[in-house]
Structures are given as C-alpha cells and as structure tokens.
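Student: My structure is below; once you've seen it, I'll send some questions.
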Ligand SMILES: Cc1cc2nc3c(=O)[nH]c(=O)nc-3n(C[C@H](O)[C@H](O)[C@H](O)COP(=O)(O)OP(=O)(O)OC[C@H]3O[C@@H](n4cnc5c(N)ncnc54)[C@H](O)[C@@H]3O)c2cc1C
Ligand SMILES: Nc1ncnc2c1ncn2[C@@H]1O[C@H](COP(=O)(O)O)[C@@H](O)[C@H]1O
C-alpha cells in the first residue's frame, strides 16, 4: 500500500508573524520555521500505519522551492521512505495547489493521501476537500482516529456537533486533526542520515496544470488590538460583577 | 445582478441565519435561501425572496458529495454563501473545486469585490480582491451582526435526487446547555481545572446560569470535555457578549477563537498569564474559589 503525505513548511506556531515592508507578505528571514503542525501529525500517522503494516510505503511531498528541501529531509528523518518536491511557489492559492496535487496523483499510484486539515499560516482548510472533488475520491476530514481494515478504513472525525464515526473506501483522502496523535521526536543522528537521501524533483510544467488566479492579495494589516482592561483585587467585587453578567 | 444563494447549515440557529443574511445582502439585492436537512426555518428575514427545502429524514446525514449534487442540480447560477463551521469547511472548498472557483472562506468583511479574512490565527488580516463572476463564500457570523424582523415563508420543496445516504453516525452527548455558537454568555475552562471531575463544576455553572460552555484545547486533550466545546483556531470561533475564561492561559490559538467577544473576563492564578492582556476584567486568583462562590445558594 502506498501513502502520500503532503507536508507544508510554515512559520513555527509559537512565533508571532510580522508583516514585511511590502505590506503584502510576512517576514520569513531569520524566523523559526518548521512543519505545519497538522502535516506533522499526518506524517506521524502514516508512520504508525507503516509500523503495523510492513508493506506500506510512505512518500512525503511538498510544493515549494529550494527552501523546502529541509522539510522533506526532516520528513525522511522521521520515517518517510521517499520524498518529492514539486517545484512551484509555496504561496500559490489553494485551488491551484489542489490542481497540482491532483495532476501529480493522477500519474502515480497511491492508495491514501494523508494531509493536514489546515495550514496554520493561511488558515484555509481547503486542499483536502478540493482534492477529493478533483479526483472523485472519498474523503475523511478532521480525523482523530484512523484504523486500516482490509479494503476500507474506519475513522472518527471531529465536527461542530461532536464526533462522526464512519467507514470509507480506498483510495481516499484523509485530513488530520490535532488529537489524532502526538508526533515523535526526531533524534539528531536520523536528521544527519537524512541529509544525503535523494529528493525527487518534479517541474510544474511537466504537470500541465491549467489555472489562472482570480483572487489577489492586496494588503496585510494588523487586527485592532483590544485595550487591556483592569484587574479586580477584591473577590466580593468580582463575584458581584460576574453575577451581574451571568444572571 | 447575480443573486445570492444562502445555504443554511443543518444546525444553524435563527440569530446566525440573520447574521448570514446581513452578509448575503452585501453581495446581492436578490437573496434566496436553501435548507438541506430534516427541517426548513418557518420564518426568515423579509429581505429573503425565496426559501427552498431539500428534505432528508432525521436520522440520515448527507455526505459532502451529495450536498454538492443538490446545490449543483438546483442552483446553477448565483453566488453561494454560508456560515463558517465544519459543515461549510467540508462543503465549500469541495463545491468550489468542482465549479472551478477559488472559494473565500471565514470571511470577516465584505465590500465587493473586496473581502477580508483572518490569517495566522487571527494575528493578521488579509485583504483580497476577487475578479470571479461567481463567489463561493463562508462568513463568520459575529462579524455581520444585524437582527431582522422575521416573517413566515413557505418553503418550495425540491424533488429528491437519486442519491443514497451515507453510513455516518454522529455521536454526541445530549446537551442541557445553550448552543455555544449563539450563546450570549460563555463560560470557558482550561487546564487550570486539573481534572475531569473538577471540570464538572464549570458544567454546573453553565447550567445554573444558562450559559454556553467553552474549553481550551488542553482541556479537551485531557479529556475534561468533548471536542465540540473547543474554542480557538482549530475549534469554534465565537464572539458572545461575555466570555469568561477560567484557568486558561491565553495562547494565540485560543485567543483566535474568542478575542472578538464583547466583554472578556479572566480568572487565573498567574498574574503574567497572556489572557490578562486581552481581558476587560481580570482577577488573579483561584478559579475554584470563584466558582464555588457563584454556585453557593
Ligand atoms: C496548530 C495548533 C492549533 C491549536 N488550536 C487551539 C485551539 O483551537 N484552541 C485552544 O484552546 N488551543 C489550541 N492550541 C493549543 C494552544 O497553543 C495552548 O496549548 C492551549 O490553548 C492551552 O490551554 P490552557 O490555556 O487550558 O492550558 P495552559 O496553557 O496550561 O494554561 C492553564 C492556565 O491555568 C492557570 N491555572 C492553573 N490552576 C489554576 C487555578 N486553580 N485557578 C486559576 N487558574 C489556574 C495557569 O496559571 C495557566 O495560565 C493549538 C495549538 C496548535 C499548535
Ligand atoms: N505547499 C504545500 N505543499 C504540500 N502540501 C501542502 C502545501 N500547502 C498546503 N498543503 C497541504 O494541504 C493541507 C491543507 O492546507 P490549506 O488548505 O492551505 O489550509 C495542509 O495541511 C498540507 O497538508
């Protein structure tokens, strides 16, 4: 069985992003970057599946440039068997990226596409759903549990109303939620070993994706900051306030 | 003018439907609504021209593919607009990809063809301009607050399509609390509760005062409370009139889900907790002491 895990490199979730001087992009130079947390969880899940089912081969894929080599090496250090770089701008819009992935997947053979549910930079939460639409494959979004059966997969998904349990068929697209697992720590020797592993490169042209962007980012700005309020020292006073608003 | 088709999510309440109407008015003067689910609303804001209903039986859930087929069969034209939430997160990108349209989701401001969205967990606002003829949109209701006079509206029933319902089963504890997405006042708890047992106090508090019950990711991860109570970047994004945070530190991912609330009140033992930077009223002290006083007869 072949599993494709899409990984995206993003600014570390602990870092507060800053708007660059062009007013349209964020500063990345000198900023700590890493796995989009949801992608790291997706990769961890694939590795756990491979540990249970030895015939599984994991490919990590990212859409990006030379600066994305490190995230693929990290993916291999963590446990991906192969890695693929589709050479294109990491900031393309989501429909464009979904078409790129769909064109690539149509040429290869994969049984499961495991993705993060959302990128924490753009906060879109689009691409897995789009890919399902483009490939006409089943999808299981926001997974907090994944169990591979023979020809099907049992999943639990986190939605606004609670948890949905469902069985879906292969081939399929799965997107990870935070509670799916806790990713493993990658020991340094593995990172060093992965430095020499090959990265397969695919040019955007070879995929022949037909797309014209129709949405343009015109500016980035900061949200209005809330004024810091006051601290109440006295418990009785707090209780009075709380009872007033709660009643 | 292209009309706006307002997709009413199965679990949306009246107030949020009114806010959605406000957003729909910002993209068109002609608004039609479609409800897919067991029931259609019996009254809607007067500005809505027509209501369509695709009935499904109470127990079955439609898959995204099926919702797409319904929309695509009956609504070949018009902007498509709905509320943020997991229903629209599943449907809108799927639908948009089928229609070859780039969707704009979680929109917080509209001045066509210009839109705004929050990115980086709400730390940055992105302004975008669309040259698309047809919009596929989801909007954050709290950013379009307006109440309307409602009037009764008869639903036009859509003929059933030949689609089978999927075998999804939803598990949810029956709730005795108001819906988190529309509650006026929300009490919310974090890791500070230290146990599932202690977290029940917050449930009692919510029940006692008829408030919505929220939680941080840490509280959900620890198993204090079910996932559908999580507030934040990856949970629900809410803006009640009053949000009271007990034992929540105020990580950016949590703030992303509640910082547009009317009044924020925070109780935390740590005077340096980041939540105090956002709170209108802060109290540095033990949450149990506070809750026990509020529950005392
Ligand atoms: C990609 C990503 C997405 C995320 N999405 C979300 C999300 O949607 N929602 C979310 O909430 N988090 C989210 N998080 C997690 C977030 O970063 C924080 O880890 C989480 O919000 C912390 O929860 P907390 O405030 O309950 O716990 P902590 O940070 O541990 O804070 C507990 C607080 O309780 C206080 N306390 C302890 N005892 C008491 C007492 N007796 N009385 C009063 N105060 C007390 C402590 O001083 C402390 O400030 C996400 C993280 C990532 C990486
Ligand atoms: N540049 C990229 N390369 C590979 N995968 C990506 C890229 N951008 C997004 N993805 C995948 O799509 C998921 C959803 O992203 P998004 O729709 O942008 O929120 C992410 O969690 C990734 O798994």
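Chains as they are written, first to last, in the numbering used here: chain D, -5 to 241; chain L, 40 to 336.
The beta carbon of each residue, even a glycine, is placed where N, CA and C say it ideally should be.
Pull up the distance between the alpha-carbon of residue 87/L and that of residue 284/L, whole angstroms please.
Tutor: As a working note, residue 87/L is residue 48 in the second chain. As a working note, residue 284/L is residue 245 in the second chain. Cα to Cα, residue 87/L sits roughly 38 Å from residue 284/L.
Student: Check each candidate in 34/D, 72/D, 154/D and 125/D and name the one with the smallest Cα separation from residue 183/D.
Tutor: Taking the first residue of the first chain as 1, we reach residue 183/D at position 189. Nearest option by C-alpha distance: 72/D.
Student: According to a CB-to-CB cut-off of less than 7 Å, which residues of the stretch 256 to 269 of chain L neighbour chain D?
Tutor: Of all residues in the stretch 256 to 269 of chain L, 256, 260, 265, 266 and 267 have a Cβ within less than 7 Å of some Cβ in chain D.
Student: From the DSSP output, in three-state form, read off residue 219/L for me.
Tutor: For the purposes of this step, residue 219/L is taken as residue 180 along the second chain, with counting starting at 1. Residue 219/L: coil per DSSP, three-state reduction.
Student: Output yes if chain L places a C-beta closer than 8 Å to the C-beta of residue 237/D; else output no.
Tutor: By 1-based counting over the first chain, the position of residue 237/D is 243. Yes, because at least one Cβ of chain L sits closer than 8 Å to the Cβ of residue 237/D.
Student: Determine, for residue 213/D, whether the minimum Cβ-Cβ distance to residues of chain L falls below 8 Å.
Tutor: The count along the first chain starts at 1 and reaches residue 213/D at position 219. Chain L contact via Cβ: present.
Student: Determine, for residue 126/D, whether the minimum Cβ-Cβ distance to residues of chain L falls below 8 Å.
Tutor: Position 132 of the first chain, counted from the first residue, corresponds to residue 126/D. Yes - at least one Cβ of chain L is within 8 Å of the one on residue 126/D.
Student: Could you name the residues that DSSP lists as bridge partners for residue 122/L?
Tutor: Mapped onto the second chain, residue 122/L falls at position 83. Beta-bridge pairing links residue 122/L to 178/L.
Student: Between the stretch 148 to 169 of chain D and chain L, which residues of the former have CB atoms less than 8 Å from a CB of the latter, in chain order?
Tutor: 152, 153, 154, 155, 156, 157, 158, 159, 160 and 161
Student: Indicate, with yes or no, if ligand 2 has a heavy atom lying under 7 Å from the CB of residue 223/L.
Tutor: As a position in the second chain, residue 223/L is number 184, starting the count at 1. Checking the Cβ of residue 223/L against ligand 2 gives no.
Student: Among the candidates 218/L, 64/L, 324/L and 302/L, whose CA atom is the shortest distance from the CA of residue 176/L?
Tutor: Here residue 176/L corresponds to residue number 137 of the second chain, with the count starting at 1. The shortest C-alpha separation from residue 176/L is found at 64/L.
Student: So, using beta-carbon positions, are residue 92/L and residue 74/L closer together than 8 Å?
Tutor: For the purposes of this step, residue 92/L is taken as the residue at position 53 of the second chain. For the purposes of this step, residue 74/L is taken as the residue at position 35 of the second chain. Result yes, Cβ atoms of residue 92/L and residue 74/L sit closer than 8 Å.
Student: Indicate whether residue 277/L and residue 181/L have their beta-carbon atoms separated by less than 8 Å.
Tutor: Here residue 277/L refers to the residue found at position 238 when the second chain is read from its first residue. Here residue 181/L refers to the residue found at position 142 when the second chain is read from its first residue. At the C-beta level, residue 277/L and residue 181/L come within 8 Å of one another.
Student: For residue 97/L, count neighbouring C-beta atoms within 10 Å of its own C-beta (all shown protein chains included) and say buried if the count is 16 or more, exposed if not.
Tutor: As a first step, residue 97/L is located in the second chain; it is residue number 58 there, counting from the start. Answer is exposed; the Cβ neighbour count stays below 16.
Student: Short check: CB of residue 157/D to CB of residue 266/L, under 8 Å?
Tutor: Residue mapping note: residue 157/D aligns to position 163 of the first chain, counting from 1. Residue mapping note: residue 266/L aligns to position 227 of the second chain, counting from 1. Yes; because the gap between Cβ atoms is below 8 Å, this pair is in contact.
Student: Between residue 248/L and chain D, is there a C-beta pair that is closer than 8 Å?
Tutor: If you number the second chain from 1, residue 248/L lands on position 209. By this cut-off, residue 248/L is an interface position.
Student: Just tell me which of 50/D, -4/D and 101/D has its CA closest to the CA of residue 200/D.
Tutor: Position 206 of the first chain, counting from 1, holds the residue named residue 200/D. The shortest C-alpha separation from residue 200/D is found at 101/D.
Student: Have a look at 97/D, 166/D, 84/D and 57/D and flag the residue whose alpha-carbon is nearest the alpha-carbon of residue 204/D.
Tutor: Counted from its first residue, the first chain places residue 204/D at position 210. Here the closest residue by C-alpha is 97/D.
Student: Under 8 Å between C-beta atoms, does residue 302/L make it to chain D?
Tutor: Locating residue 302/L in the second chain gives position 263, where the first residue counts as 1. For residue 302/L, the answer is yes, since a Cβ of chain D falls inside 8 Å of its Cβ.
Student: Check whether the Cβ of residue 225/D lies closer than 8 Å to any Cβ atom in chain L.
Tutor: Counted from its first residue, the first chain places residue 225/D at position 231. So yes, residue 225/D belongs to the interface.
Student: Can you pull the chain D neighbours of residue 224/L, defined as C-beta to C-beta under 8 Å?
Tutor: Counted from its first residue, the second chain places residue 224/L at position 185. Within chain D, the residues near residue 224/L are 239 and 240.
Student: Look at residue 292/L and residue 271/L and say whether their C-beta atoms are less than 8 Å apart.
Tutor: Against the second chain, residue 292/L aligns to sequence position 253. Against the second chain, residue 271/L aligns to sequence position 232. Yes. Within cutoff.
Student: Would you call the stretch 153 to 173 of chain D and the stretch 124 to 132 of chain D touching, i.e. three or more CB-CB distances under 8 Å?
Tutor: yes
Student: Give me the chain D residues within the contact set of residue 230/L, using Cβ-Cβ distance strictly less than 9 Å, ordered along the chain.
Tutor: The residue given as residue 230/L occupies position 191 in the second chain. Going along chain D, no residue has its Cβ under 9 Å from residue 230/L, so there is no contact; the nearest lies around 15 Å.
Student: Which class does residue 150/D belong to by DSSP, given the choice of helix, strand or coil?
Tutor: Position 156 of the first chain, counted from the start, is the residue given in the question as residue 150/D. Correct three-state label for residue 150/D: strand.
Student: When the distance is taken between beta carbons, is residue 112/D closer than 8 Å to residue 32/D?
Tutor: As a working mapping, residue 32/D is identified with position 38 in the first chain. As a working mapping, residue 112/D is identified with position 118 in the first chain. Cβ distance < 8 Å, so residue 32/D and residue 112/D count as in contact.
Student: Given residue 185/L, which residues of its chain have a CB within under 7 Å of its CB, disregarding the five upstream and five downstream residues?
Tutor: Your numbering for residue 185/L matches position 146 in the second chain. Taken in chain order, the residues that qualify are 57, 58 and 61.
Student: How many angstroms separate the CA atom of residue 6/D from the CA atom of residue 24/D?
Tutor: Taking the first residue of the first chain as position 1, residue 6/D is located at position 12. Taking the first residue of the first chain as position 1, residue 24/D is located at position 30. Cα-Cα distance, rounded: 12 Å.
Student: Does the beta carbon of residue 84/D sit closer than 8 Å to a beta carbon anywhere in chain L?
Tutor: Here residue 84/D refers to the residue found at position 90 of the first chain. It does not: the Cβ of residue 84/D has no partner Cβ on chain L nearer than 8 Å.
Student: Threshold first: 3 residues or longer. Then list the beta strand (DSSP E) segments lying entirely within the stretch -3 to 38 of chain D, N to C.
Tutor: 3 to 5 and 27 to 29
Student: Closer than 9 Å, Cβ to any Cβ of chain L: which residues of the stretch 111 to 135 of chain D, in chain order?
Tutor: So the list reads 111, 112, 114, 115, 116, 117, 118, 119, 120, 121, 122, 123, 124, 125, 126, 127, 128, 130, 132, 133 and 135, given in the order they occur along the chain.
Student: Given a cut-off of 8 Å, decide if residue 40/D and residue 108/D are closer than it, judged by their beta-carbon atoms.
Tutor: Stepping through the first chain from its first residue, residue 108/D is reached at position 114. Stepping through the first chain from its first residue, residue 40/D is reached at position 46. In this structure, residue 40/D lies closer than 8 Å to residue 108/D by Cβ.
Student: Taking 7 Å as the cut-off, is the C-beta of residue 0/D nearer than that to any heavy atom in ligand 2?
Tutor: By 1-based counting over the first chain, the position of residue 0/D is 6. Yes, ligand 2 has a heavy atom inside 7 Å of this Cβ.
Student: Taking contact to mean 3 or more Cβ pairs, one atom from each stretch, closer than 8 Å, check whether the stretch 226 to 246 of chain L and the stretch 315 to 333 of chain L are in contact.
Tutor: yes
Student: Taking only the alpha-carbon atoms, compute the straight-line gap between residue 87/D and residue 138/L and give it to the nearest angstrom.
Tutor: Reading the first chain from its first residue, position 93 is the one you call residue 87/D. Reading the second chain from its first residue, position 99 is the one you call residue 138/L. C-alpha separation (whole angstroms): 16 Å.
Student: Does the beta-carbon of residue 227/L have 16 or more other beta-carbons within 10 angstroms, so that it is buried, or is it exposed?
Tutor: Counting from one through the second chain, the residue named residue 227/L turns up at place 188. So residue 227/L counts as buried.
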